[in-house]
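Student: Pasting in a structure now, in structure tokens, and then I'll have a few things to ask.
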Amino acid sequence: MNKSKLAIAAVLVCATSLSVGCGGSSASTNGKANGKKDANAIQVTGTVKSKNIESISLGLPETVSIGVTGVDVKLGQEVRKNDKLVDLDLSDYNSNIDKIQNEIDAENIKKDKMTDQDQKDMEQKTIDGYNDEITSIKSKLNKTYVNGSSIICDMDDAAVTSIGYSKGDILNSQEKIVTLEDLKNLQVMAKVPQESINDIKEGQNVTISTQSYSGKSYKGKVTYVGKSVVTSTNGASSSISSNSNSDDDDSYIPVEISVDDNDGKLLPESSVDLSISRK
């Protein structure tokens, strides 16, 4: 009977030990998963932005009509230098220049027949006006992003972030034809809580994490710290003094961060996690 009791007691002790052991292991695991954030770093989110955004338009006078004969890219597409973006119909453009040139030729013949110098001077002013008009029109296509009758990419590596026209459209003098964002010249824009204003300084090291889509991390530095608190009111941004005691949850300090080891895989407008070292 005593041996039986001793055996039961031994089993109970063993079961208790196992139970405690399992509980301890679980607590340790949870502690690791839910560990405290690094006290020497400020944790915030940011948005990747291109520092070089090019909105392409030609700004031609309304008397010149240019049609779109083809769109060679899609929204979000990555493009390289000299890639074609949009094809144009320049027949009316060229006809307009030829028409002005014909006027110049006619005025030159008229001037050559004149004998009065004052009349010749007046005629030359008319000719100069026509020449200025041609120069102005031609300058609209004298761009790094125009090659012949095509709009091309003039960046080494870019993303197409807007397309303003479709095949068959006529260009508007003001509306953007296409917008490109440079993929090699990126930075991160962050909204740091105003209570951290004294902990953020230019030159601080930053770890940029992209856990949401690639899992990669990049190195950067704080390059700009706003000197006022920005608050959003009905969607409009305004600044308030950095000494303000506003309790608005939307109040923040604008901060810019460089991307020092950009490998071309960061996506403009993507959200990233930032760890800003206090040291």
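If you count by mature numbering (1 follows the signal peptide of the UniProt record, and there is no 0), then the sequence shown holds residues -22 to -1, 1 to 257, one letter each, in order.
Glycine residues also receive a C-beta, built at the ideal position from the N, C-alpha and C atoms.
Just to confirm my understanding: we take E81, look at its own chain, exclude 5 residues before and 5 after, and list those with CB closer than 7 Å. What are they?
Tutor: Y108
Student: Buried or exposed: which applies to N74, given that a residue is buried once 16 or more other Cβ atoms fall within 10 Å of its Cβ?
Tutor: So N74 counts as buried.
Student: Does the region 111 to 119 come into contact with the region 138 to 145, if we say contact requires no fewer than three beta-carbon pairs (one atom in each stretch) closer than 8 Å?
Tutor: no
Student: Are I178 and V208 touching if we call contact CB-CB under 9 Å?
Tutor: no
Student: With a threshold of 7 Å on Cβ separation, who are the neighbours of A136 within its own chain once the five nearest residues in sequence on each side are excluded?
Tutor: V57, L158, E159, D160 and L161
Student: I need the straight-line Cα distance from K59 to S249, nearest angstrom please.
Tutor: 27 Å
Student: When the Cα atoms are used, what is the spatial distance from I68 to N86?
Tutor: Looking at the sequence itself, residue 68 is Leu, so the reference to Ile does not match. Going by the C-alpha atoms only, they are around 27 Å apart.
Student: Closest to K199 by C-alpha separation, out of I34, P171, V49 and E234, would be which residue?
Tutor: E234
Student: What are the start and end residues of the beta strand (DSSP E) that includes Q165?
Tutor: Element bounds for Q165: L164 to P171.
Student: Check whether the Cβ atoms of L66 and G37 lie closer than 9 Å to each other.
Tutor: no
Student: According to DSSP, simplified to helix, strand and coil, what is I44?
Tutor: coil
Student: For Q172 and S229, which I take to be in contact (beta-carbon distance under 8 Å), what is that distance rounded to the nearest angstrom?
Tutor: 5 Å
Student: Could you check if A84 is buried or exposed, using at least 16 other CB atoms within 10 Å of its CB as the buried criterion?
Tutor: exposed
Student: What do you reckon, are the CB atoms on V42 and I115 nearer than 9 Å?
Tutor: yes
Student: Cβ of K194 within 9 Å of Cβ of T188?
Tutor: When the beta-carbon positions are compared, K194 and T188 come within less than 9 Å of each other.
Student: Can you tell me where the alpha helix (DSSP H) holding Y71 begins and where it ends?
Tutor: S69 to D90
Student: Taking Cβ positions, are S253 and Q165 nearer each other than 9 Å?
Tutor: no
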